[in-house]
Every structure is written in structure tokens, then in C-alpha cells.
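Quick notes on the structure that follows.
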Amino acid sequence: MLTVHLIDRNMIKIAYLIPSLYNPGGMERILTDKINYLVESGEYEVFVITTDQNNKKPFFFLHEKVNFINFNIDFHSVFNKKLITKYFLTRQKYKAYSVQLKEFLDRNQIQICISTGGKELEFLYKLNVGCKKICELHFSQSFREQFINSRKNSFFWKLLGKLRTRMLIKQTKSLDKLVVLTKSDLEIWRKTHSNVCQIYNFVSTNNKTFPAYERKKKVIAIGRLDAQKGFDLLIEAWSKVNENFPDWQLEIYGKGEWEEKLKKLIKDKKIDNVVFLRGVTNDVSTVFLSSSIFVLSSRYEGFPMVLLESLFYETPIVSFDCKTGPSEIIINNDCGILVPESDVNLLAEGINNLITNESLRLKMGSVAKEKSNLFGKENIMSQWDVLFKETTNYENIN
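Under UniProt numbering, the letters of the sequence shown match residues 1 to 398, in that order.
Spelled out as C-alpha cells, the structure:
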């Protein structure tokens, strides 16, 4: 049952919409940190509304003052249905979601409703409610195309991907504000939207300092085990790295649908003695501090949280120059090495270069730590605070 806390009437009331918070993903982590920051400030009452939480606990710590509600829409339940059945059941769930959401927003006098790019975009732009509507988009404009293309490769599916991008443009155009993560995203969205602004994610760590540590002959990668994260490409690259540096190890952290596929690839490449799938970790700091290099092998991204963490922990990076994010963090190879998207040979070469040059790793690590200050929590959250108060015409009464 929802517990609504007694609050100051001058607090701004915000509702965040997200499918679920039980996954250990980057978006879930940054949202949880952001929400906790807002309630701890004493100026915001925050509601988190999920559709597919399924009675699971949030993976990351959520402040006790956050009002956490699941609508039990369960969009996942229709995923494996036949096409026609799936279509009509999904439409019914959209209707149920829109009715529940409107009633909730009106009854609780929510001032700002924030979509994170989920199912509610289907109807939010035309929902008749009194609050301001914001979409906080954690992916690039064409992420739906990229998602489909990474799994399907026919004309029909490519066309569907383009149609979904057009729909996203329509769904976000009349919202009060669209917030994107990167400067490159901003330039793309400005071609069609006058309501767009850009705010980076912040370094999502509570550590201010860290103890002395020993960097091992170890390279790490972190993310969901799926097509997007490109760990198949990384494993291909590592088979080349292993030819020159058999005493180095690769550790991949995460879970996902590609786990068995990746295990087979590792075995087929005969590198199962140096490449390990470690599953999900709750101790990211130790993982970073005990490694010498971090690799991002994604086919596409939004603004990768793991790159920000790599900066904070002074771990040099080798990354594909995928859309979007890496090129706004790694500039002129200052804190890492950027290589062309999906180029396995150059990815291996970049890793080899850092393995052979310890002084370069140390130099990049030093630059990385300094750069992480640009993405500090206070700096980024002050931008959100200004946005929320401007959107609601809030006047701070001391």
C-alpha cells in the first residue's frame, strides 16, 4: 500500500514513470540516485510509478521518503503472444495505463510528470492533465531503429524501426520539455523540436576517495549481455589480444539473454582460461580499482554511466566511437582511446597499445579523474533543479 508522507505545501511534486527498477542497469542506477537526491534536498516530493515491477524490490537503494507505486499493468505478459492477440492486448493495457495515470496525477496534484521513454509516450502527449510533462530520454533519437537492426536485418524490420523513430519524434514534440543526454543528441533533436535541452548524467558513486590499490593485468567490461553491448565483438578482439598477451585477463560483468551465446563464443575461440563472465556485481568500485583498462564495445549507447565511473576510478578506456556519448567523454584520446564503431581489429590494437604502455595508462587515469569533476552530482543536479523550478514557475520562499 502506498504511504504518502506529510510534506511542506511548498514542495514540488514530481512523478517519475519507468517500467521497473529491479534491474541493475545504468538508467535504473542514475534515476535512483537522482530521485534520492531530490527527496533529501527537502524541496521535492517524489513519486515513482512502475508498470512491470511485479512485486520485486528495487535493485538500488531507494530513500524511504520516496513514494513507490506499481500499477501492475504488466506489458511483459503479452510479449510472447501471437501477433494479432499481442496487438489487441497491448492496446487494452495502454488504455488501462492511461486511465490509472490520469487519475493518479490529478488526485495527487502532481506538478511535473517525467517519462523515461517507456510505454506512456504512446499517450502522454495527448493526456489531459494539469501537470507539466517532461521526457527524460536516456537513448539517442534512433535507438529504436538501432535496437531492431541489432536483432533483425530485413527490409520490413528496418522500415518498422524508421517508423518508430518518427513516432518518437511526434510523441515528444508537444511535451513541455524533452531532456537529452549529449550535445550530439541536442543538435539532432533541435532540427524538429523547440522544447529540447541537454543535461548530462552525473558520476553515480557515493565514494569521495578510495584506498590504495593494485592494478592487475586485467581488462573489464560491464553491461547487459545482449546485442547492444557488443560483447561478442569484444571477445573477438580479445582473441587477437591474447595472441600477444596471454597473461592478461578479460572479465565481463553483467547478465542477459546472450549469456549462453557468449560462453560458446569464448569456448570456440579457446580463450576460456582468460575470459570470464562474472555476472552482476554490487561492488563496482573494487572491480574498477583492481583493473588496468575498461572497454566499451557497444553498438550504440545513450550516455554510458560506466564511462563516467571509469573516469572517477582513474581507469583508462578503450571504446568504440558509437552513437552516442563516448566522443563527448574521450576527447583527443585524453582519458582513453576511441576506435571506429564495430572495428574489432582496431579495438584489439587499442587494448594492445594500453597494455604495452603503463605510463600512458597512468597519464590517462590522471586526466580521467580530473575530468570526472565535470560530471559531479552537485553540478548536474543543480541544472535539474533550475529546470524543474522554471517549468513550474516556482518561487523559493525562505
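C-beta: ideal position from N, C-alpha, C; glycine also.
From what residue to what residue does the alpha helix (DSSP H) around residue i run?
| i | result |
| --- | --- |
| F156 | 155-173 |
| K369 | 358-372 |
| V306 | 305-312 |
| A237 | 231-244 |
| I329 | 326-329 |
| T384 | What sits at residue 384 in the sequence shown is Trp, not Thr. Here the alpha helix (DSSP H) through W384 covers 377-391. |
| K261 | 259-268 |
| residue 433 | With the chain covering 1 to 398 only, the question about residue 433 has no answer from this structure. |
Can you give me the start and stop residues for the beta strand (DSSP E) that residue i sits inside?
| i | result |
| --- | --- |
| G279 | 275-279 |
| Y87 | Here Y87 belongs to no beta strand (DSSP E); instead the alpha helix (DSSP H) covers 83-107. |
| N15 | Correcting the residue identity first, residue 15 is Ala in this sequence and not Asn. Note, A15: beta strand (DSSP E), 12-17. |
| V287 | V287 -> not in any beta strand (DSSP E); alpha helix (DSSP H) instead, spanning 284-289. |
| V180 | 177-180 |
| V196 | 196-198 |
| I69 | 67-70 |
Would you grab the beta carbon distance between residue i and residue j for me? Rounded to a whole angstrom, and I think it's under 8 Å.
| i | j | result |
| --- | --- | --- |
| P326 | L307 | 7 Å |
| N108 | K13 | 7 Å |
| R144 | G230 | The pair is not a contact, with the Cβ atoms about 18 Å apart (cut-off 8 Å). |
| F294 | I199 | Between I199 and F294 the Cβ distance is about 24 Å, and since that is not below 8 Å, they are no contact. |
| G376 | V180 | About 20 Å separates the two Cβ atoms, so there is no contact after all. |
| G117 | L137 | 5 Å |
| K217 | W248 | 5 Å |
Quick one: what's residue i bridged to in DSSP?
| i | result |
| --- | --- |
| Q249 | K218 |
| C113 | A15, K133 |
| Y44 | I12 |
| S319 | L296, L338 |
| I49 | L17, I69 |
Indicate whether at least one CB of chain C lies closer than 7 Å to the CB of residue i.
| i | result |
| --- | --- |
| K93 | This model lacks chain C altogether, as it is built from one protein chain only. |
Meets three-Cβ-pair contact criterion under 8 Å: the segment 126-146 and the segment 50-69: Verdict: no, contact absent.
Any 3 or more C-beta pairs closer than 8 Å across the segment 364-375 and the segment 328-348: Three or more pairs of CB atoms, one per stretch, sit closer than 8 Å, so the segment 364-375 contacts the segment 328-348.
Cβ pair count under 8 Å reaching 3, the segment 191-202 against the segment 260-271: The answer is no - the segment 260-271 does not touch the segment 191-202, with fewer than three Cβ pairs under 8 Å.
Cβ pair count under 8 Å reaching 3, the segment 95-113 against the segment 380-394: Yes: at least three Cβ pairs fall under 8 Å.
Segment contact flag, the segment 345-354 with the segment 154-169, C-beta cutoff 8 Å, min 3 pairs: Contact between the segment 345-354 and the segment 154-169 is not established, with fewer than three Cβ pairs separated by less than 8 Å.
Meets three-Cβ-pair contact criterion under 8 Å: the segment 241-256 and the segment 271-282: Taking a contact to require three or more Cβ pairs closer than 8 Å, the segment 241-256 and the segment 271-282 qualify as touching.
The segment 35-46 in contact with the segment 69-82 per 3-pair CB rule at 8 Å: With a cut-off of 8 Å, the segment 69-82 and the segment 35-46 do not count as touching, because too few Cβ pairs lie within range.
Cβ pair count under 8 Å reaching 3, the segment 333-352 against the segment 153-161: These segments do not touch.
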